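Residue numbers (the numbering used here): 13 to 387.
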């Protein structure tokens, strides 16, 4: 209790506020002694004191005696000083908060935001793709968690003016740093391969550690992990990432298509390029089409705005076998995992998003499914 009182008394905002209150009370009491008439009746003296201190000057009550007017001048100067200090104290609070936010030291109060952890030379392209899509929705809050300096963060914010970019400085594998980004209230966490100080190539170790930390905080949080080396795919799946993207996968496929299937990579680029008018989009399936056939929904989108329905997706909420196994390396778990692998049963390589591309015309639409279209 003593420590709390000591902290309160030493607080500048409290000191100034207390000074204004004390001046108002003393001013009201003294003016009752120095003056006569309406200015001394009821709570009028205290009203006069606060109006005089703030130099509002309504003129409804004013001292008439020389001593009263002299005292009013003293109250004015004290009031101007105290109110100026109060304004400065309030301003300093916001200035300090803005400085801390700019340096990435402040805890954020956001909901349904996207968190982008890590940074490497390809990260800006990832952010550009997110930007092109996110500005079309109401959820345009993005939090960057990395070790960039203020100048670099400012450049990123200027590059994406229609997106609210926030910054948290620090190691994204640490729980307290993720808490500053309000990870528990986030919509999605994207983890990029981070480049360590003095290194030229990104490493996946921090991606795995960060995924484990986030899933330990809340296993239901959606985590999309980018990894640099395919060798680490097993590790990131064991960490229970919801979706995993191997950085060089797409470029490898496109390179092969340029050789074997000319024309295919050009179309693929149109379909996945966020700046294209024909990139893939997801759409909600109207309730009246649930229980009807895929062909019926196809004709609906085609006749409505010319869009082409190419597939369906649904989130799989079932636990995989790998998630049921304990996280330790017990002999029983090793035995079960080895036998399942020998039997060809996948443990962690299945996506939690189930996708059906171009199903049969008579496929019956299920509740919870969403449409993938080409505009």
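Where a beta carbon is used, it is the ideal one built from N, C-alpha and C, also for glycine.
Bear in mind that the values here come from a model prediction, so they are computed numbers and not experimental data.
DSSP three-state assignment for residue 294, whether helix, strand or coil: DSSP places residue 294 within a strand segment (E or B) once states are collapsed to three.
Figure out for me which residue from 374, 107, 381, 377 has the closest Cα to the Cα of residue 366. The candidate whose alpha carbon is nearest that of residue 366 is 381.
Sequence ranges, alpha helix (DSSP H) only - wholly within the segment 174–235, length at least 4: Correct list: 187–192, 217–229.
Neighbourhood of residue 432 by C-beta, 7 Å cutoff - its chain only, sequence neighbours within 5 removed: Residue 432 lies beyond the range of the chain shown here (13 to 387); nothing can be said about it.
Residue from 207, 241, 201 whose Cα sits closest to the Cα of residue 232: When each option's Cα is compared against that of residue 232, the closest is 201.
Using DSSP bridges, identify the partner residues of residue 368. Residue 368 pairs with 324.
Locate the alpha helix (DSSP H) running through residue 38, then write down its first and last residues. 24–46
Skipping 5 residues on each side, what residues in its chain have a beta carbon closer than 6 Å to that of residue 363? For residue 363, the pLDDT reaches just 49, beneath the cut-off of 50, and the residue's location in the model is therefore unreliable, although a value from the coordinates is still provided. None.
Along the chain, where does the alpha helix (DSSP H) that runs through residue 61 open and close? 56–65
Leaving out five residues on either side along the sequence, give the residues of the same chain with a beta carbon under 6 Å from the beta carbon of residue 252. 227
Residue nearest to residue 175 in terms of C-alpha spacing, selected from 199, 163, 157, 144: Checking every option, the nearest Cα to that of residue 175 belongs to 144.
Which of helix, strand or coil DSSP assigns to residue 153: strand
For residue 290, count neighbouring C-beta atoms within 10 Å of its own C-beta (all shown protein chains included) and say buried if the count is 16 or more, exposed if not. exposed
Output the distance between the C-alpha atoms of residue 66 and residue 84, rounded to the nearest integer angstrom. 12 Å
Answer yes if the segment 48–57 comes into contact with the segment 81–101, meaning at least three C-beta pairs across the two stretches below 8 Å, and no otherwise. The segment 81–101, when compared against the segment 48–57, does not touch it at the 8 Å Cβ threshold.
Distance, Cα to Cα, residue 303 vs residue 325? 15 Å
Taking only three categories from DSSP, how would you classify residue 251? coil
Just to check my reading of the structure: residue 256 and residue 248 have Cβ atoms closer than 8 Å, yes? What is that Cβ distance to the nearest angstrom? 5 Å
Distance check for residue 206 and residue 378, CA to CA, integer angstroms please. 40 Å
How do the segment 189–201 and the segment 113–123 stand: do at least 3 beta-carbon pairs fall below 8 Å, yes or no? Counting C-beta pairs with one atom in each stretch, the segment 189–201 and the segment 113–123 have three or more that are closer than 8 Å, which means they touch.
Answer yes if the segment 278–287 comes into contact with the segment 233–244, meaning at least three C-beta pairs across the two stretches below 8 Å, and no otherwise. no
Could I get the ranges of all uninterrupted beta strand (DSSP E) runs contained in the segment 98–173, with 3 residues as the minimum, in chain order? 126–129, 153–158
Reducing DSSP to helix, strand and coil, say where residue 240 ends up. coil
How long is the line joining the alpha carbons of residue 94 and residue 77, rounded to whole angstroms? 26 Å
Straight-line Cα distance separating residue 101 from residue 156: 30 Å
The alpha helix (DSSP H) enclosing residue 52, as first and last residue numbers: Per DSSP, residue 52 belongs to no alpha helix (DSSP H) and is neither H nor E.
For residue 7, which residues from the same chain have a beta carbon less than 7 Å from its beta carbon, with the 5 sequence-adjacent residues on both sides left out? Residue 7 lies beyond the range of the chain shown here (13 to 387); nothing can be said about it.
8 Å Cβ cutoff met for residue 229 and residue 187: yes
Quick one: give me the first and last residue of the alpha helix (DSSP H) that residue 305 is part of. Premise fails: residue 305 is in no alpha helix (DSSP H) and is neither H nor E.
Around the Cβ of residue 37, are there at least 16 other Cβ atoms within 10 angstroms (buried) or fewer (exposed)? exposed
Please tell me whether residue 219 and residue 203 are closer than 8 Å, where the distance is taken between their beta carbons. Contact: yes.
Which residue's Cα is closest to the Cα of residue 319: 283, 300, 299? Of 283, 300, 299, the smallest CA-CA separation from residue 319 is found for 283.
Looking at the structure shown, is residue 68 part of a helix, part of a strand, or coil, going by DSSP? coil
Helix, strand or coil: how does DSSP classify residue 95 here? helix
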